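Only one structure is covered here, and it is reproduced in the block below.
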Amino acid sequence: MSNSITCFKAYDVRGELNTQLSEAVAYRIGRAFAEELQAKSVVVGGDIRKTSTPLKLALSAGLIDGGAKVIDIGMAGTEEIYFATSHLRVDGGIEVTASHNPIDYNGMKMVKAGSVPISGDTGLHAIKDKAETYSTAEVEQRLQHFTAGEQIDSAAFIAGIAHVKVDVLTATGKFHVQSVLDDYVAHILSYVELSHFTPLKLVVNAGNGAAGKALDAFEKAFKENKIPVEFIKVNHQPDGNFPNGIPNPLLPENRADTANAVIQHNADFGIAWDGDFDRCFLFDAEGQFIEGYYIIGLLAEAFLEKEQGASIIFDPRLYWNTEAIIADKQGIPVKSKTGHAFIKERMRKEDAVYGGEMSAHHYFRDFAYCDSGMIPWLLVAELVCTKRQSLAEMVSERIKAYPSSGEINSKLNDADAALERVLQRYKSEAEAIDETDGIGLEFGTWRFNLRKSNTEPVIRLNVESRGDIPLMEAKTAELLAIIRDE
């Protein structure tokens, strides 16, 4: 592999194993991260994928050679790294994860001190440039040192065999393992008042990802505090082979296990997570999937009832419902470009109490302005108990008032041409054109947003209307025909 590194994206690292991301690349990234940030201490963790531990240990070797001490919190979700970075007051944090990407991929999500995200505009490109400066011979020599002379074999790496040895890392005096799980659980539970909880039965689908370990810790805390919450566990055991498929409940075909379990067990609602559990997805008591868009409105309302006049951040794909709720509760609406680095930056700038993306990322001021996949379902559970309403009852009127298409992806050879076709067709009729992210056009009774993905070769469409389902469906079909040039 040449010095060129091709796995850096807009705001994280993500790439195909061996061809784009290997132990050698992980070492380069770790060393460059420590040198570029002048980091003296960095916390690392990894998801359940078989290559996450080998990558994490090679990354740690690079961090150590770059001058940093490394704290390894073990198998963890991305938000545990966000928490640990702030909680331990270290200079940075890196989670090794590919989240919902195919099984032959892996990646990294990075933050600075205070859990501030690192994106292309805030240091990610500089880390990449520095990582490419180390000679291949030097990298191989240093990796051989940390593997105790063992020859690195790519097939063994794919199989999950870690070549970098923990004892060699530990012998440097700059690497140690430390759990923050109990402190993390205590912090997450501080977002709700446990005395508000009445008996609940919840289906929890970890997708064989990293969420299972955290859920066991929450279950233990509930039992210790005599909180009457029962977990029905689905695909619970962490398994890097993903026997039930890559966990990505945003895809309709991945929802049946959760929906069926909710109905079978007569649960109050269901929750499913992606691989690194920074996103959670909710299902009502009938097993119906609730679009993340409407959960944003529900949580915005809850926060504004506690803090009048607070700022709420939302992305530009779907927002009429969110804007209406914020206006009703006298909050401050703030539209932000899609993407966790952009949302977090805007959260900090506005000191917003809460932010949400319809893709099921939810951000919280008191969680270092970062996203969490555990706080949302706890807040919803508390609302179910205090309002004495089901999840469906809490969102049904909002869904009727602002019906939406949900996000529809189209894989195209020329996404720019599709954007131009759509713009030329509709711009003369539009009452407003928004270019916060992609193109968003409003027409009084309906609107749409069309944007290219930052991470995949697809274009994404979202359509909503004011209480008119047939209109929303007709316009969705009309737009898709233009986008796909049918």
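Be aware that the sequence shown starts at -9, since it is given in the working numbering, and climbs by one per residue. Here a beta-carbon is modelled for each residue, glycine too, at the ideal position from N, C-alpha and C. Bear in mind that the values here come from a model prediction, so they are computed numbers and not experimental data.
Margin query: With the cut-off set at 8 angstroms, would you say isoleucine 280 and leucine 381 are in Cβ contact?
Written below: Going by C-beta atoms, isoleucine 280 is nearer than 8 angstroms to leucine 381.
Checklist line | Nearest candidate by alpha-carbon position, reference glycine 282, set Ala262, Ala317, Val154, His115 | finding: Looking at Ala262, Ala317, Val154, His115, the one whose alpha-carbon comes closest to that of glycine 282 is Ala262.
Next item on the list: Can you give me the Cβ contacts of alanine 358 inside the same chain, cut-off strictly under 7 angstroms, excluding the 5 residues immediately before and after it?
Entry: Scanning its chain for C-beta atoms nearer than 7 angstroms, with the 5 sequence neighbours on each side dropped, one finds around alanine 358 the residues Tyr72, Ser76, Gly104, Ser105, in chain order.
Next item on the list: Under 8 angstroms by Cβ, that's how I've got phenylalanine 259 and leucine 205 pegged, so tell me the actual separation to the nearest angstrom.
Entry: With 8 angstroms as the limit, phenylalanine 259 and leucine 205 do not qualify as a contact, their Cβ atoms being about 15 angstroms apart.
Checklist line | Range of the contiguous beta strand (DSSP E) that encloses cysteine 270 | finding: Its beta strand (DSSP E) spans residues 270 to 273.
Margin query: So, with DSSP's three-state summary, where would you put leucine 190?
Written below: Strand.
Next item on the list: Tell whether a beta-carbon distance below 8 angstroms holds between valine 175 and phenylalanine 208.
Entry: Yes.
Checklist line | Beta-carbon proximity check, threonine 328 vs aspartate 361, cutoff 8 angstroms | finding: For threonine 328 and aspartate 361, no; Cβs fall outside 8 angstroms.
Margin query: Please list the terminal residues of the continuous beta strand (DSSP E) segment that includes threonine 345.
Written below: Reading off the sequence shown, one finds glycine at residue 345, where the question assumed threonine. 344 to 347 is the extent of the beta strand (DSSP E) around glycine 345.
Next item on the list: Alpha carbon to alpha carbon, how far is alanine 116 from threonine -4? Give it in angstroms, no decimals.
Entry: For threonine -4 and alanine 116, the distance between alpha carbons rounds to 14 angstroms.
Item checked: Reference asparagine 256, options Ile142, Asn244, Asn238, Ile222, closest by Cα -> Ranking the options by Cα distance to asparagine 256, first place goes to Ile222.
Next item on the list: Please classify glutamate 37: does DSSP put it in a helix, a strand, or coil?
Entry: According to the sequence displayed, residue 37 carries aspartate and not glutamate. Coil.
Check: Between glycine 363 and the rest of its own chain, which residues show a CB-CB distance below 6 angstroms, the 5 nearest in sequence each way excluded?
Finding: In its chain, beyond the 5 residues on either side, Trp263, Phe267, Asp268, Arg269, Cys270 have a beta carbon closer than 6 angstroms to the beta carbon of glycine 363.
Next item on the list: Could you pull the start and end residues of the alpha helix (DSSP H) that histidine 115 belongs to?
Entry: Its alpha helix (DSSP H) spans residues 115 to 121.
Next item on the list: List in chain order: all unbroken beta strand (DSSP E) runs of 3+ residues lying wholly within the segment 233 to 267.
Entry: For the segment 233 to 267, whole beta strand (DSSP E) runs of length 3 or above, ordered along the chain, are 259 to 263.
Margin query: Output needed for valine 154: all residues of its chain with C-beta closer than 6 angstroms, excluding positions within five of it in sequence on either side, in chain order.
Written below: Only residues of its own chain outside the window of five on either side were considered, and among them Leu47, Ala48, Ala51, Phe136, Thr137 have a CB closer than 6 angstroms to the CB of valine 154, listed in chain order.
Notebook entry, point to check: When the Cα of serine 144 is compared with those of Phe187, Gln227, Glu13, His177, which residue comes out closest?
Noted result: Glu13 is the residue among Phe187, Gln227, Glu13, His177 whose C-alpha sits nearest the C-alpha of serine 144.
Next item on the list: From the DSSP output, read off the bridge partner residues of glycine 396.
Entry: Beta-bridge annotation (DSSP): glycine 396 is not paired with any residue.
Check: Nearest to alanine 22 by alpha carbon, out of Asp119, Val219, Tyr353, Val324?
Finding: Checked all of Asp119, Val219, Tyr353, Val324; the closest Cα to alanine 22 is Asp119.
Note to self: Between Glu335, Lys442, Ala300, which has its C-alpha nearest glutamate 410's C-alpha?
What the structure shows: Sorting Glu335, Lys442, Ala300 by C-alpha distance to the C-alpha of glutamate 410 places Lys442 at the top.
Notebook entry, point to check: Thinking C-beta only, is valine 156 closer than 8 angstroms to tyrosine 17?
Noted result: Not a contact, by the Cβ cut-off of 8 angstroms.
Checklist line | Nearest-angstrom Cβ-Cβ length linking serine 400 and isoleucine 449, presumed shorter than 8 angstroms | finding: 5 angstroms between Cβ atoms; contact.
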